[in-house]
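Participant: Structure below; questions to follow.
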Amino acid sequence: WTYSQINDFINRTKDLKISKKNNGETPHGAYIQSLLTSIEKTLNEYRHDILDIEKRILNKEDEAGSGIVPISLIAAKLTRWEILLPALWKFVRLLQDNPKKFHGCRLFNLLIDQVRTGVLDYREEMEKMIEGLYDVLYRQLTSWMVYGQCVDHYDEFFIVPCNKTDEATTTGWSRLYTVDSDKVPNHFSISIIDSVLFVGKAIATINEIDRMPSTATINTQDEDILLNSKSVRAVAQTKKIPIPEEMREKHLELLLALHSSQLKQTSSPWVQYPQILQNVVNQVRRSTSDWLFSQVLIEDHGLHRYLSSFRYVFLLNFGDWASNFSKECLNWRKRPSNQNSRPKEGLPKDVNKTTLIFQRQELNALLIKSSLNTDIEGQLSGYSLWVENEQTKSFTFSDMLLGNLGIILTFNLEWPIDLFINETHLKIYSNMWSFLMSLKYTQVSLNNLWKTLRASTYANQERKVIDHLSNTSLQREDGYQEILVWRLRSLMLFWIDTLWNHLQAHVINIHYDKLIDTTALNDTTTAGKKRSKQTKTKLDFEEIQEAHEKFLANIERGCLLTSEECVKTMHDILRICSDFCELMEKLTKEGEWRVNKRRKTTKTAKDIVYNWTAHEEPSFWLQDVERLQE
């Protein structure tokens, strides 16, 4: 009966066309077919054993006399199947009951779990099935990593096409394929999956560039294409890059060698499969990345060009532009229409969305305006601001520049720099910009406060004090107020200036120079590299990626952004400084900040006694200033 149930399951599932129409309600696909083939071979062994017993009985090879064949002899010959067949039937029922859970590459998880058993026969059968699944996987990997083609008719492979909504990105690298984490076998490391995705996407992108139409065939009157015409032309005009046939043959040879790996002679071959695959995938990735680096990231798309741009823009090496943008943000916040810039929750979603679109357009225009007549003018291509969306909420300092309206600077990753810099790196750069720009904004605010207070001082010098008693009171109170405000501003500015200079000179510059030294060839060796006597005639893509990630980690750590407690403390400090500037600006505007410079150089006994005995209530805003100082 058990044999019959297993055999019926194989016959029902073997028809690919019927299974495909069931929308995943029954097991189907290339992986399940490979598994069924293994089970069918096992059933053939069972049938062969039955036929062998029948043949021996008919030939009277095992008679005990008088034509009698002992039942114990038959049972002994079928002992293996008493345990194996029920176990296989239980395994088959798992496949029947969970066709979606154990579909495609997910079957690896089930088999790896089942192979951990002390029943030797059952374990050997599971190992044979794992070997068959790997054979299917190797074929998919060969098609993907050598030819850039994702052959997956039954949605089984962990590399999947991106959603249609993502096709507005600039190049195929960002919108062709991604990893479906639900389909990744549990025993595969993240590095294997990332390497497989990298190699296949690189080959697929090169193939797509070769198929791109010329700019003459682009229909610019089509609105959808018109929106992306710049990126389409950029790719269409990209130099065609033929994939070296020698490299393709080398990769094909490496991957085909996986099929002939002699692991059957070793115990637990399923443990060694991922290790062998890791070794082969790493070799293919290194070969592909080195070739791409030497052919793609050159000339106008050279790596140093992007690193330099990120240093100047994200890390604010251009201080004049950072100051200009901070001033534009200050002016933007002072406008009455922007006092409550965050969209209201009660309004319809379409209204809020429209408001954010206009605000984003306006702020991106200010971004360009602030770069005029600076060293960065004309170098902001690809940079834009995120305004009040899900991404900005994850950045602690995004609310410092415009108050309630969070903004973040980002960069449109295009081919070929997205080979080197991914979304994780870009998020770090955006976070660094948010922090450094908040620091510069606070610095500019404190500098502007000096002008505001001085202007108010000169304006108030013309006021005449008529009553001597009130003049004495004003002298006592205003003198203390003036000293308190100026001292607090000086302490704040000193701390901000010191931190800014330290970060730029002793954190960012030092680690940036080390990064450039690592990524420079002999003919472009910097002074620091000459001192270290390094010689390098060829750039290693993997080493450069590691150096870049180390650079980002070092500047994050140097800016104290790796600790949540430090980030919160830094945000609170900058917020306090900003609140102090806003308070004094408000008091100056309302006329509460009054200073009389015509103080007496000598005091009478009456004045001294009055200063000792008078206990007037302090100004309502003085407590706020003292609280900020504390």
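Going by my numbering, the residue at position 615 of the sequence shown is 686; the numbering climbs one at a time, nothing skipped. Yeah, the Cβ is synthetic: ideal placement off N, Cα and C, and Gly gets one too.
1) Report the residue from Val351, Arg376 and Gln104 whose alpha carbon sits nearest the alpha carbon of Ser266.
2) Would Pro98 be called buried (16 or more neighbouring beta carbons within 10 Å of its own) or exposed?
3) Does the Cβ of Leu256 have 16 or more other Cβ atoms within 10 Å, making it buried, or fewer, making it exposed?
4) Going along the chain, which residues of its own chain have a beta-carbon closer than 6 angstroms to the beta-carbon of Gly203, five neighbours each way excluded?
5) Between which two residues does the beta strand (DSSP E) harbouring Pro157 extend?
6) Below 8 angstroms, can you find three or more Cβ-Cβ pairs linking the segment 478 to 497 to the segment 509 to 521?
7) Please report how far the alpha carbon of Met641 lies from the alpha carbon of Phe651, in whole angstroms.
8) Could you say if the segment 222 to 232 and the segment 136 to 145 meet the contact criterion of at least three C-beta pairs nearer than 8 angstroms?
9) Can you tell me which residues form a DSSP beta bridge with Ile479?
10) Classify Thr188: buried if its beta carbon has 16 or more other beta carbons within 10 angstroms, exposed otherwise.
11) Answer with buried or exposed for Glu198, where buried requires no fewer than 16 other C-beta atoms within 10 angstroms of its C-beta.
12) Is Glu111 near Pro170, with beta carbons less than 8 angstroms apart?
13) My understanding is that Val556 touches Leu524, with C-beta atoms under 8 angstroms, so please give their C-beta distance in whole angstroms.
14) Ignoring anything shorter than 4 residues, give me the alpha helix (DSSP H) runs that lie fully in the segment 203 to 271, in order along the chain.
15) Could you give the residue range of the alpha helix (DSSP H) that holds Leu178?
16) When you compare only the Cα positions, how much space is there between Ala273 and Cys233?
17) Can you list, in chain order, the residues of its chain whose CB lies under 8 angstroms from that of Trp152, leaving out five sequence neighbours each side?
18) Can you tell me whether Asp184 sits near the ligand ADP, meaning its C-beta is under 7 angstroms from at least one heavy atom of the ligand?
19) Going straight from the alpha carbon of Lys601 to that of Ile264, what length do you get?
20) Nearest by alpha-carbon distance to Gln354: which of His496, Trp341 and Leu323 is it?
21) Within the continuous alpha helix (DSSP H) that includes Cys400, where are the two ends?
22) Under 8 angstroms, with one C-beta from each stretch per pair, do the segment 570 to 587 and the segment 618 to 638 reach the 3-pair mark?
23) Comparing C-alpha positions only, which one of Leu329, Phe429, Trp215 and Asn388 sits nearest to His573?
24) Measuring CB to CB, does Ile579 end up less than 8 angstroms from Ile626?
25) With a threshold of 7 angstroms on Cβ separation, who are the neighbours of Lys398 within its own chain once the five nearest residues in sequence on each side are excluded?
26) What distance in whole Å lies between the Cβ atoms of Leu401 and Arg431, which are believed to be in contact at a cut-off of 8 angstroms?
27) Between Trp341 and Ile183, is the Cβ-Cβ spacing less than 8 angstroms?
28) In whole angstroms, give me the CA-to-CA distance for Thr359 and Gln167.
29) If distances are taken between C-alpha atoms only, which option among Leu631, Ser262, Gly373 and Asp643 comes closest to Met563?
30) Could you check which residue in Gln450, Ile554, Glu196 and Leu165 has the C-alpha nearest to that of Ile709?
31) Let me check understanding here. Comparing Cα to Cα, which of Asp361, Leu374, Ala146 and Ser649 lies closest to Ala591?
32) Which stretch, first to last residue, makes up the alpha helix (DSSP H) that contains Val190?
33) Between which two residues does the alpha helix (DSSP H) holding Ser442 run?
34) Which residues in the same chain as Val186 place their Cβ atom closer than 7 angstroms to its Cβ, once the five residues preceding and following it in sequence are excluded?
35) According to DSSP, simplified to helix, strand and coil, what is Ile77?
Facilitator: By the coordinates alone:
1) By one-based count along the sequence shown, residue 266 stands at place 195. When each option's Cα is compared against that of Ser266, the closest is Val351.
2) For the purposes of this step, residue 98 is taken as residue 27 along the sequence shown, with counting starting at 1. Per the 10 Å Cβ criterion, buried.
3) By 1-based counting over the sequence shown, the position of residue 256 is 185. Looking at the sequence shown, residue 256 is not Leu but Pro. Classification for Pro256: buried.
4) Taking the first residue of the sequence shown as position 1, residue 203 is located at position 132. These residues qualify, in order along the chain: Ser105 and Ser109.
5) Position 86 of the sequence shown, counted from the first residue, corresponds to residue 157. Not the beta strand (DSSP E): Pro157 falls in the alpha helix (DSSP H), residues Thr150 to Asp168.
6) no
7) By one-based count along the sequence shown, residue 641 stands at place 570. By one-based count along the sequence shown, residue 651 stands at place 580. Note on geometry: alpha-carbon atoms of Met641 and Phe651 lie some 16 angstroms from one another.
8) Inter-segment contact for the segment 222 to 232 and the segment 136 to 145 is absent: fewer than three beta-carbon pairs are separated by less than 8 angstroms.
9) The residue you call residue 479 lines up with position 408 of the sequence shown. Trp457, per the DSSP bridge assignment.
10) Here the question's residue 188 lines up with position 117 in the sequence shown. Exposed, by the Cβ-count rule.
11) Here residue 198 refers to the residue found at position 127 of the sequence shown. Label assigned to Glu198: buried.
12) Taking the sequence shown and counting its residues from 1, one reaches residue 111 at position 40. Taking the sequence shown and counting its residues from 1, one reaches residue 170 at position 99. Cβ distance not < 8 angstroms, so Glu111 and Pro170 don't count as in contact.
13) The count along the sequence shown starts at 1 and reaches residue 556 at position 485. The count along the sequence shown starts at 1 and reaches residue 524 at position 453. Sure, about 7 angstroms apart at Cβ, within 8 angstroms.
14) 243 to 246
15) The residue labelled residue 178 in the question sits at position 107 within the sequence shown. Counting along the chain, the alpha helix (DSSP H) containing Leu178 begins and ends at Leu178 to Val186.
16) On the sequence shown, residue 273 is found 202 positions in, with the first residue counted as 1. On the sequence shown, residue 233 is found 162 positions in, with the first residue counted as 1. Cα to Cα, the separation comes out at about 15 angstroms.
17) Residue 152 sits at position 81 when you count from the first residue of the sequence shown. Tyr117 and Asp120.
18) In the structure on display, the ligand ADP does not appear, and there are no ligands present to speak of.
19) Position 530 of the sequence shown holds residue 601. Position 193 of the sequence shown holds residue 264. Residue confidence is low: Lys601 scores 46 on pLDDT, short of 50, so the model does not pin down where it sits. Its coordinate-derived value is still stated next. Approximately 38 angstroms, taken between the alpha carbons.
20) To locate residue 354, count along the sequence shown from 1; it is residue 283. Nearest C-alpha to Gln354: Leu323.
21) Stepping through the sequence shown from its first residue, residue 400 is reached at position 329. Run containing Cys400: Gly390 to Lys405, per the alpha helix (DSSP H) assignment.
22) yes
23) Numbered from its first residue, the sequence shown carries residue 573 at position 502. Of the candidates Leu329, Phe429, Trp215 and Asn388, the residue whose Cα lies closest to the Cα of His573 is Asn388.
24) Position 508 of the sequence shown, counted from the start, is the residue given in the question as residue 579. Position 555 of the sequence shown, counted from the start, is the residue given in the question as residue 626. Result yes, Cβ atoms of Ile579 and Ile626 sit closer than 8 angstroms.
25) Working through the sequence shown from its first residue, we reach residue 398 at position 327. Cβ within range, chain order: Val515.
26) If you number the sequence shown from 1, residue 431 lands on position 360. If you number the sequence shown from 1, residue 401 lands on position 330. About 19 angstroms; that fails the 8 angstroms criterion.
27) Within the sequence shown, the letter at position 270 stands for residue 341. Within the sequence shown, the letter at position 112 stands for residue 183. Yes, they are a contact pair.
28) Here residue 359 refers to the residue found at position 288 of the sequence shown. Here residue 167 refers to the residue found at position 96 of the sequence shown. So the two alpha carbons sit approximately 41 angstroms from each other.
29) Counting from 1 along the sequence shown, the entry for residue 563 is found at position 492. Nearest in C-alpha terms to Met563, of all of Leu631, Ser262, Gly373 and Asp643, is Asp643.
30) Residue 709 lies beyond the range of the chain shown here (72 to 701); nothing can be said about it.
31) By one-based count along the sequence shown, residue 591 stands at place 520. Ala591 has its Cα closest to that of Leu374, out of Asp361, Leu374, Ala146 and Ser649.
32) To locate residue 190, count along the sequence shown from 1; it is residue 119. No alpha helix (DSSP H) holds Val190; DSSP gives it neither H nor E.
33) For the purposes of this step, residue 442 is taken as residue 371 along the sequence shown, with counting starting at 1. Careful: Ser442 lies outside any alpha helix (DSSP H) and carries neither H nor E.
34) Here residue 186 is taken as the residue at index 115 of the sequence shown, counted from 1. Around Val186: Arg194, Met197, Glu198, Ile201 and Trp341.
35) What you label residue 77 is simply residue 6 of the sequence shown in a count that begins at 1. Of the three classes helix, strand and coil, the one that applies to Ile77 here is helix, per DSSP.
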